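Each remark here refers to the structure printed beneath this line.
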Amino acid sequence: MSLFKRAVFSEITSHAGIVFSTLLVVWLSVLIVRLLGEAANGDIGANVVLGLAAFSSITALPVILSVTLFVAVLTTVTRSYRESEMSVWFASGLSLGQWLWPVMRFALPVAAVVAVLTLTASPWAYGQIAEYRQRFEQRSDLSKVSAGQFIETDDGRRVFFAESPTRPDDELGRVVARIIEPDWLSVVTAESAAIRTEANGDRFLVLGPGHRYDLKPDSPEMRMLDFDHYGVRIESRSDPGALEARRQQALQQIKARPSLDLITQGDPESLSQLMWRLSLPLAVLNLALIALPLGAVNPRLGRSGDLLIAGLLALLYMNLINLSRGWIANGTLSFGVGLWLVHAVFLALGLGLMWRRVRMPKPRRRKAPPA
Numbered sequence: 001m002s003l004f005k006r007a008v009f010s011e012i013t014s015h016a017g018i019v020f021s022t023l024l025v026v027w028l029s030v031l032i033v034r035l036l037g038e039a040a041n042g043d044i045g046a047n048v049v050l051g052l053a054a055f056s057s058i059t060a061l062p063v064i065l066s067v068t069l070f071v072a073v074l075t076t077v078t079r080s081y082r083e084s085e086m087s088v089w090f091a092s093g094l095s096l097g098q099w100l101w102p103v104m105r106f107a108l109p110v111a112a113v114v115a116v117l118t119l120t121a122s123p124w125a126y127g128q129i130a131e132y133r134q135r136f137e138q139r140s141d142l143s144k145v146s147a148g149q150f151i152e153t154d155d156g157r158r159v160f161f162a163e164s165p166t167r168p169d170d171e172l173g174r175v176v177a178r179i180i181e182p183d184w185l186s187v188v189t190a191e192s193a194a195i196r197t198e199a200n201g202d203r204f205l206v207l208g209p210g211h212r213y214d215l216k217p218d219s220p221e222m223r224m225l226d227f228d229h230y231g232v233r234i235e236s237r238s239d240p241g242a243l244e245a246r247r248q249q250a251l252q253q254i255k256a257r258p259s260l261d262l263i264t265q266g267d268p269e270s271l272s273q274l275m276w277r278l279s280l281p282l283a284v285l286n287l288a289l290i291a292l293p294l295g296a297v298n299p300r301l302g303r304s305g306d307l308l309i310a311g312l313l314a315l316l317y318m319n320l321i322n323l324s325r326g327w328i329a330n331g332t333l334s335f336g337v338g339l340w341l342v343h344a345v346f347l348a349l350g351l352g353l354m355w356r357r358v359r360m361p362k363p364r365r366r367k368a369p370p371a
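Residues in the sequence shown are numbered consecutively from 1, following full-length UniProt numbering.
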């Protein structure tokens, strides 16, 4: 029995290390590409990409660890069946139910780590991410626009190009803008420019002394205008993009709240976030339990179908947790019911599958014919 427990624990640990490193590398690759894209668009500073990647990885660790444990247990049990090693254990008087203790011996520390991450580390990391982004937003808007960079607004209908300032008092140097209107195509040039934010949150590019040339397509009509100051709105607070940005900012603020504050406030949004933090450690234990019977396959048959069913079941589990969080936030579901309902269903499912595998009758040996 001691040899069996050490062998199972060692193999699960080995598989978990491989799965965890793979998932983390994939996550970091996708995350850094996205952050570099945001830096190229001027949404974040290039000097905070690595910091945001580190903090974002902390927020993703609970889900990565949950998936890692599920895949590690599933592949360990599946390999034992596929290579007929499970038959040796069964012949030694062991059953699938006796896998439960070595699996839970590995799952319990993982669940504890996930609990620490979701209740303390992840809110702190979300707070650091929000602080990084808030610092960048509070910087001068012109510091986000580097010289020699094209700026597109209104789905490309307005394009600006700015040079470096030549005078100390100027915020931007010479500016060339192309503006497409329903009846006119305009080209604006100016000696300097500055970005101003109005009280309602709208942002304007205010051009200094310059000229505007209006051309009407398919017509010889043309207009010329000289100006001392000319303002072009480059961002409206009512734009869908700005509304989505504010919604994401509000969501980040909820995720960054300490767990004790969520309990104290007690509003539906806070309770939904608290439910998510408490659900992940419970999901770790349930996924480990469910992986045991789902990993039991027939070594003579293909295992693709069984692994696909296991993956879909785990995906359904996480999606139902997310759905319950949304229902709690909307007031459709109470916090107590939303916290335990999904986990109770999947715990019952895991125990039922385990009972079915353990109680499955073994094939009877045929008696040898009498000599």
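No residue lacks a Cβ here, since even glycine has one placed at the ideal position from N, Cα and C.
All figures in this text were calculated on a predicted structure; none of them were measured in a lab.
Around the C-beta of His229, are 16 or more other C-beta atoms found within 10 angstroms, so that it is buried, or is it exposed? Translated into the one-based positions of the sequence shown, residue 229 becomes position 229. With fewer than 16 Cβ atoms within 10 Å of its Cβ, His229 is classed as exposed.
Quick test of the definition: if touching needs 3 or more C-beta pairs under 8 Å, does the region 339 to 351 touch the region 271 to 280? yes
Val188 and Leu215 closer than 9 Å at C-beta: Reading the sequence shown from its first residue, position 188 is the one you call residue 188. Reading the sequence shown from its first residue, position 215 is the one you call residue 215. Result no, Cβ atoms of Val188 and Leu215 do not sit closer than 9 Å.
First through last residue of the alpha helix (DSSP H) which encompasses Ala112: Residue mapping note: residue 112 aligns to position 112 of the sequence shown, counting from 1. Element bounds for Ala112: Leu100 to Val116.
Leu333 (DSSP reduced to helix, strand or coil): Along the sequence shown, one-based indexing puts residue 333 at 333. Here Leu333 sits in coil by DSSP.
Residues near Phe335 by beta carbon distance below 7 Å, same chain, minus five either side: Taking the first residue of the sequence shown as 1, we reach residue 335 at position 335. Closer than 7 Å at Cβ, skipping near neighbours: Leu271, Met275 and Ile328.
Taking one C-beta from the region 96 to 108 and one from the region 8 to 28 each time, how about it: are there three or more such pairs within less than 8 Å? yes
Would you mind stating whether Ile309 and Leu353 have Cβ atoms separated by less than 9 Å? To locate residue 309, count along the sequence shown from 1; it is residue 309. To locate residue 353, count along the sequence shown from 1; it is residue 353. Taking 9 Å as the Cβ cut-off, Ile309 and Leu353 do not qualify as a contacting pair.
Over what stretch of residues does the beta strand (DSSP E) that includes Ser186 continue unbroken? The residue labelled residue 186 in the question sits at position 186 within the sequence shown. Residues Leu185 to Ala190.
Would you mind giving the Cβ-Cβ distance between Phe70 and Ala288, rounded to the nearest angstrom? I have them listed as a contact below 8 Å. Within the sequence shown, numbered from 1, the residue matching residue 70 stands at position 70. Within the sequence shown, numbered from 1, the residue matching residue 288 stands at position 288. Right, their Cβ atoms sit about 7 Å apart.
Just verifying my parser: in three-state terms, what is the DSSP assignment at Pro240? The residue given as residue 240 occupies position 240 in the sequence shown. Any answer about Pro240 is weak, because its pLDDT of 49 lies below 50 and its placement is not dependable; what the coordinates show is given next. Residue state, collapsed to three classes: helix.
What number of angstroms, rounded off, separates the C-alpha of Ala39 from the C-alpha of Arg158? Counting from 1 along the sequence shown, the entry for residue 39 is found at position 39. Counting from 1 along the sequence shown, the entry for residue 158 is found at position 158. Their Cα atoms are separated by approximately 21 Å.
Suppose you measure from the CA of Phe161 to the CA of Pro217; what does that come to, to the nearest Å? On the sequence shown, residue 161 is found 161 positions in, with the first residue counted as 1. On the sequence shown, residue 217 is found 217 positions in, with the first residue counted as 1. Near 23 Å, if we compare the C-alpha coordinates of Pro217 and Phe161.
Quick one: is Gln134 buried, meaning 16 or more other Cβ sit within 10 Å of its Cβ, or exposed? As a first step, residue 134 is located in the sequence shown; it is residue number 134 there, counting from the start. Under this definition Gln134 is an exposed residue.
Considering just the uninterrupted stretch of the beta strand (DSSP E) at Asp226, what are its terminal residues? Counting from 1 along the sequence shown, the entry for residue 226 is found at position 226. Counting along the chain, the beta strand (DSSP E) containing Asp226 begins and ends at Met222 to Phe227.
Can the beta-carbon of Leu205 be found less than 9 Å from the beta-carbon of Gly231? Start at 1 with the first residue of the sequence shown, and residue 205 comes out as number 205. Start at 1 with the first residue of the sequence shown, and residue 231 comes out as number 231. Yes, these two residues count as a Cβ contact at 9 Å.
Name the one or two DSSP bridge partners that Ala162 has. The residue labelled residue 162 in the question sits at position 162 within the sequence shown. Val175.
Which class does Glu11 belong to by DSSP, given the choice of helix, strand or coil? Along the sequence shown, one-based indexing puts residue 11 at 11. Glu11 falls in the helix class under three-state DSSP.
Would you check if the distance between the CB atom of Ile129 and the CB atom of Leu31 is smaller than 9 Å? Numbered from its first residue, the sequence shown carries residue 129 at position 129. Numbered from its first residue, the sequence shown carries residue 31 at position 31. Cβ atoms of Ile129 and Leu31: not closer than 9 Å.
One or two residues paired with Leu207 in a DSSP bridge: Taking the sequence shown and counting its residues from 1, the one referred to as residue 207 is at position 207. In DSSP, Leu207 forms a bridge with Ala193 and Tyr230.
Based on the DSSP output, what are the partners of Glu181 in its beta bridges? The sequence position of residue 181 within the sequence shown is 181, counting from 1. Answer by DSSP bridge pairing: none, since Glu181 is not bridged.
Proximal residues to Ala245 (C-beta, below 6 Å), its chain only, five neighbours per side dropped: Residue mapping note: residue 245 aligns to position 245 of the sequence shown, counting from 1. The pLDDT assigned to Ala245 is 49, lower than 50, so where the model puts this residue is not dependable, and the model offers no usable value.
Roughly how far, in whole angstroms, is the beta-carbon of Pro165 from the beta-carbon of Ala190, given that I think they are within contact range, below 8 Å? To locate residue 165, count along the sequence shown from 1; it is residue 165. To locate residue 190, count along the sequence shown from 1; it is residue 190. Rounded, the Cβ-Cβ distance is 12 Å, inconsistent with contact.
For the candidate residues Glu152, Trp184, Glu198 and Arg196, whose alpha-carbon lies nearest to that of Val176? For the purposes of this step, residue 176 is taken as residue 176 along the sequence shown, with counting starting at 1. The candidate whose alpha carbon is nearest that of Val176 is Glu152.
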